[in-house]
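Sequential numbering of the sequence shown, starting at 1, is according to full-length UniProt numbering.
No residue lacks a Cβ here, since even glycine has one placed at the ideal position from N, Cα and C.
Report on the structure given below.
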Amino acid sequence: MRDETGTDPSNDVWGIGGAQGAAPKPPRSEPAASEAMPPTDAQARQGPPVEAPRPIGVGRHQARVAAVQMLFEVDATDHPIEEVLDREEIADEELPPPVSAQAARLVRGVLAAQAEIDPRIFAAAPAFPVSQLPAVDRAVLRLAIHELLNAPEVPVKTAINEAVEIAKRFGGDSSGRFVNGVLGTIASSLDSARRPPQPAPPRPKGKGRGKGQGNRKTGTKPAKAPPS
């Protein structure tokens, strides 16, 4: 069912339909600054807390999430591409500059390769035309296939697992399974295409030489039959 603006609310997970802009950000687990408890004397003597090292891959995951959100917006609205890519926040979530830059690179890569990406989606799931897929599933698949095709530094398993996780987070109930199936099919076809060709099996050696071939090692010629 579409609302008065013509937007399908079930497909507008970030609330960016029409001219409304980004959706309210999800609730944060940490308290607001005005609600934070003042430090105790012991905490004040210890100095500021040391930030724990961020796990490897967190920045790349954030960039993928932001890229999917950007692709969704480009696909579902008439917002200019450069305007979307230049944003420093998505759904009211501020993006660190490295994450924003990485997300923009991913989106540009997807858009540049979309003519190759979409036929692969259709080949893997011909019963589901790309234009009729939910916009979230379409954005997730396009990003993951771009990484499978053009980012050899990203392991295939990582690209698929990340896509499935994002699809489960933002898509429908069956989005994770659908994305996993499509990407698994495409990854298998790419793996087969990238395997080096197998050498031809050696030709079996004959037990004897054909008539009139002589001895190639000694250079002798076959004897002629005596005249009758």
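query = By DSSP, does I93 sit in helix, in strand, or in coil?
reply = Checking the sequence, you will find Glu at residue 93 rather than Ile. E93: strand per DSSP, three-state reduction.
ask   = Taking the alpha helix (DSSP H) that R203 falls in, what are its first and last residues?
value = Segment: none, R203 is in no alpha helix (DSSP H) and carries neither H nor E.
Chain-order list of residues whose beta-carbon lies under 8 Å from that of R177 (same chain, five-residue window excluded) = none
query = When we look at the beta-carbon of Q132 and count the other beta-carbons within 10 Å, is it buried (16 or more) or exposed?
reply = exposed
task = Alpha carbon to alpha carbon, how far is A139 from K168? Give it in angstroms, no decimals.
result = 13 Å
key: Reduced DSSP category for S175 - H, G, I as helix; E, B as strand; rest coil   = helix
Alpha helix (DSSP H) segment containing A159, residue limits = V156 to F170
ask   = Alpha carbon to alpha carbon, how far is I121 from Q62?
value = 24 Å
message = At the level of alpha carbons, what is the spacing between V110 and H146?
response = 6 Å
query = Are the beta-carbon atoms belonging to G171 and P134 less than 8 Å from one another?
reply = yes
request  = Report the rounded CA-to-CA distance for A66 versus V154, giving the unit in angstroms.
outcome  = 17 Å
key: Helix, strand or coil at E88 [DSSP, three-state]   = coil
message = With H, G and I counted as helix, E and B as strand and the rest as coil, what does DSSP make of A151?
response = coil
message = Less than 8 Å between the beta carbons of L143 and V68, yes or no?
response = yes
inquiry  = Suppose you measure from the CA of A124 to the CA of I160; what does that come to, to the nearest Å?
reply    = 15 Å
key: Nearest candidate by alpha-carbon position, reference P126, set G59, I186 and S192   = I186
ask   = Taking DSSP as the reference, what is the three-state secondary structure of A127?
value = coil
task = May I have the straight-line CA-CA distance separating T77 from S189, to the nearest angstrom?
result = 33 Å
inquiry  = Taking 6 Å as the limit between beta carbons, can you name the residues of its chain near V164, skipping five residues before and five after?
reply    = G176, V179 and N180
message = Taking the alpha carbon of D191 as the reference point, which residue from S174, P152 and E89 has its own alpha carbon closest?
response = P152
inquiry  = Relative to the C-alpha of E116, which candidate in R105, I166, V130 and E82 has its C-alpha closest?
reply    = V130
task = Look up T185 in the DSSP assignment and say whether it is helix, strand or coil.
result = helix
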